[in-house]
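**Student:**
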Amino acid sequence: MATWAIGDIQGCFDEFTALLRAIDFRPDRDRLWLVGDLVNRGPKSLETLRFVHSLGDGAITLLGNHDLHLLAVAAGHGRLRRGDTLDEVLGAPDREPLLDWLRGRPLFHYDPALDMAMVHAALAPGWDLATAKTRAAEVQTALTSDADGYFAHMYGDTPHRWDNALRGWRRLRVITDYLTRVRFCRPDGTYDMRAKGPPGTQPEGYLPWFALPDRASAGTPIVFGHWSSIGLVDGHDVYALDTGCVWGRQLSALCLEEGRWVSVDCSARGSGAGD
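Letter by letter, the sequence shown follows residues 1 to 275 in the UniProt record's numbering.
1) With distances taken between CB atoms, is the gap from Val264 to Glu15 smaller than 7 Å?
2) Determine whether the beta carbon atoms of Val119 and Thr176 lie at a separation below 7 Å.
3) Need the endpoints of the beta strand (DSSP E) that Arg260 sits in, please.
4) Could you tell me if Asp214 is buried or exposed, where buried requires 16 or more neighbouring beta carbons within 10 angstroms of its beta carbon?
5) Taking Gly59 as part of the beta strand (DSSP E), name the residues at either end of that continuous run.
6) Count the other CB atoms within 10 Å of the CB of Ala59; is the residue buried (16 or more) or exposed (fewer)?
7) Are Pro43 and Gly11 closer than 7 Å when you measure CB to CB?
8) What residues in its chain sit with their C-beta under 6 Å from that of Phe151, if we drop five residues either side in the sequence?
9) Express the C-alpha separation of Leu63 and Ala5 in angstroms, rounding to a whole number.
10) Apart from the five residues on each side of it in sequence, which residues of its chain come closer than 8 Å, Cβ to Cβ, to Leu114?
11) Pick from Trp33, Phe184, Val223 and Gln250: whose alpha carbon is nearest that of Tyr206?
12) Give the range of the alpha helix (DSSP H) segment to which Phe51 is assigned.
13) At what residues does the beta strand (DSSP E) containing Ile6 begin and finish?
14) Starting from Pro208, follow its DSSP beta bridges and name the residues at the other end.
15) What's the gap between the Cα of Thr40 and the Cα of Ser54?
16) What are the boundary residues of the beta strand (DSSP E) that includes His109?
Structure below.
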């Protein structure tokens, strides 16, 4: 049995299935870790959702910012943006069971047998893995108990630093930002989501979230996606998996037991850092 972590698919279903063939994935034998952003920008979000849903327990799938965007739009609390490719999902006859399933996905995962964790974007510098699991569970509870209220308050870039005193929707918004949107932080946890380029392009005083000194989650390998402009990263106890498939580059998988990378080339669709 092998466990394969795969970067942001974003509706690139043909490349996703090509990658599964390249790693000889068998659902009766192997497992998938999907870092989130199953949908949007690519041409086949509906096929991707249907296929991953069909894998059941064979795939552990996180929520990414594009998945949350889809859910917010479907709930009437978000608007389609230029470049979105979500109409097919929103108009599908099986829309509701697919969205119900997607809304139930976690925002953080830790496997004690592998001693590895997975997040879509980042962890706050003061969060160890147990804290990250607890914070993610707060958002998951809101998604199951008051999804309408959550999506009504999800958008917004403030406050932009974690504080244990935060309460209510502001608290959940900051947790969501770290787990699904953040790339760069200051040592005190302040984040700037306008910076989307590779390390070295960020504002002064900021570092990649995983390179911050004294990061509480250091020491346990973490796989993440979201950051297409950074490319493959294997260091700082992290593995960055988003290699820009939707921007015409590659879709990549990492065998967690072996540390082996496999990538497939993707069709050219654009250029840029993504979001």
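Note that the Cβ used here is the ideal one computed from N, Cα and C, for glycine as well. All values reported here derive from a predicted model rather than from experimental measurement.
**Tutor:** Short version:
1) For the purposes of this step, residue 264 is taken as residue 264 along the sequence shown, with counting starting at 1. For the purposes of this step, residue 15 is taken as residue 15 along the sequence shown, with counting starting at 1. For Val264 and Glu15, yes; Cβs fall inside 7 Å.
2) Mapped onto the sequence shown, residue 119 falls at position 119. Mapped onto the sequence shown, residue 176 falls at position 176. Their beta carbons are not under 7 Å apart, which means Val119 does not touch Thr176 by this criterion.
3) For the purposes of this step, residue 260 is identified with residue 260 of the sequence shown, where counting begins at 1. It spans Arg260 to Asp265 - the beta strand (DSSP E) in which Arg260 sits, taken as one unbroken run.
4) Position 214 of the sequence shown, counting from 1, holds the residue named residue 214. So Asp214 ends up on the exposed side.
5) Residue 59 sits at position 59 when you count from the first residue of the sequence shown. Residue identity differs from the one stated: residue 59 is Ala in this sequence, not Gly. Residues Ala59 to Thr61.
6) Here residue 59 refers to the residue found at position 59 when the sequence shown is read from its first residue. So Ala59 counts as buried.
7) Your numbering for residue 43 matches position 43 in the sequence shown. Your numbering for residue 11 matches position 11 in the sequence shown. Yes.
8) Here the question's residue 151 lines up with position 151 in the sequence shown. Within the same chain, Phe151 has close Cβ partners Ala72, Ala75 and His77.
9) Against the sequence shown, residue 5 aligns to sequence position 5. Against the sequence shown, residue 63 aligns to sequence position 63. Computed Cα separation, rounded: 14 Å.
10) Residue numbering aside, residue 114 sits at position 114 when the sequence shown is read from its first letter. Excluding residues within five positions, the ones whose Cβ falls inside 8 Å are Thr3, Leu256 and Glu257.
11) Working through the sequence shown from its first residue, we reach residue 206 at position 206. Measuring from the Cα of Tyr206, the nearest candidate turns out to be Phe184.
12) Position 51 of the sequence shown, counted from the start, is the residue given in the question as residue 51. Phe51 -> alpha helix (DSSP H) spans Ser45 to Ser54.
13) As a first step, residue 6 is located in the sequence shown; it is residue number 6 there, counting from the start. Residues Thr3 to Ile6.
14) Numbered from 1 along the sequence shown, position 208 holds the residue referred to as residue 208. According to DSSP, which records beta bridges pairwise, Pro208 is partnered with Phe184.
15) Reading the sequence shown from its first residue, position 40 is the one you call residue 40. Reading the sequence shown from its first residue, position 54 is the one you call residue 54. Per the sequence presented here, residue 40 reads as Asn, with Thr not at that position. The straight-line gap from Cα to Cα measures roughly 19 Å.
16) Within the sequence shown, numbered from 1, the residue matching residue 109 stands at position 109. His109 -> beta strand (DSSP E) spans Phe108 to Asp111.
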